[in-house]
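Following: one structure in structure tokens, then a few remarks.
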Amino acid sequence: MKQLVIIGLAMSDVFWAASLNAQQSDPHLIYEQNCAACHVPHAGDFVSENLVATENGLVGKASGRLVLNFLEAGHGTLSVKEIEVLIDQFAFIQESGRLFKDKCIICHDNAAKFARLKLILRDDMLTGRYTDRDVAEFLLHHGRLDASEAQTMVEVLMRQLQAR
């Protein structure tokens, strides 16, 4: 009986550690748990309203301070891994140009929720969860996206699924 308890505890530690690691690499979860209480609820809005890209990285519009330095100095009390994940996500949001908000939000909820509920990756291809449609092909004729925007949107949506 004692061996079963030890095995059970060891297995629960493995699952707990895997869960913790997954949580630490999800930029949405990191932002919601550590930033949204003081800042706007969605990281995309935070980036577009408060940050600007420079050759040195993202800086606060008001302070002119590098976001990376600000976080490393203790703002938000994030781990090194969480800072890396957030900075990467903020940069991706900045680079994607808020395309989802500009072209998709009128009919669809935020990108993370939409992707996680309606889409799936099958053989590294973004596919409709219930329609089995190739999303890259579908977007060429949906939402008034040009070919470049459709490709960017596929990248944005894939990232939502890969961030889990």
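So for the sequence shown, this note's numbering puts the first residue at 10; every next one is plus one. All C-beta atoms in this analysis are idealised placements derived from N, C-alpha and C, irrespective of residue type, glycine included. Owing to the predicted nature of the structure, the values given are computational and were not obtained by experimental measurement.
Let me know if residue i comes out buried or exposed under the rule of 16 or more other beta-carbons within 10 Å of its beta-carbon.
{"i": "residue 64", "result": "exposed"}
{"i": "residue 134", "result": "exposed"}
{"i": "residue 52", "result": "buried"}
{"i": "residue 14", "result": "Reliability fails at residue 14, whose pLDDT of 47 lies under 50, so the model's placement of it is uncertain and no value is given."}
Which of the three DSSP states is assigned to residue i in this structure?
{"i": "residue 102", "result": "helix"}
{"i": "residue 166", "result": "helix"}
{"i": "residue 96", "result": "helix"}
{"i": "residue 39", "result": "helix"}
{"i": "residue 130", "result": "strand"}
{"i": "residue 143", "result": "strand"}
{"i": "residue 136", "result": "strand"}
Nearest to residue i by CA position, among the options, is which residue?
{"i": "residue 132", "options": "124, 123, 143, 126", "result": "143"}
{"i": "residue 125", "options": "71, 165, 69", "result": "165"}
{"i": "residue 146", "options": "139, 138, 159, 140", "result": "159"}
Would you mind stating whether residue i and residue j have Cβ atoms separated by less than 8 Å?
{"i": "residue 130", "j": "residue 170", "result": "yes"}
{"i": "residue 99", "j": "residue 60", "result": "yes"}
{"i": "residue 87", "j": "residue 77", "result": "no"}
{"i": "residue 39", "j": "residue 89", "result": "no"}
{"i": "residue 162", "j": "residue 148", "result": "yes"}
Take residue i and list the residues in its own chain whose beta-carbon comes closer than 7 Å to its own, dropping the five residues that flank it on each side.
{"i": "residue 62", "result": "103"}
For residue i, I'd like the list of residues in its chain whose CB is within less than 8 Å of its CB, leaving aside the five on either flank, ordered along the chain.
{"i": "residue 136", "result": "128, 129, 130, 142, 143, 144"}
Looking at the ligand GDP, does it come within less than 7 Å of residue i, judged from the CB to the closest heavy atom?
{"i": "residue 66", "result": "The ligand GDP is not part of this structure, which contains no ligands at all."}
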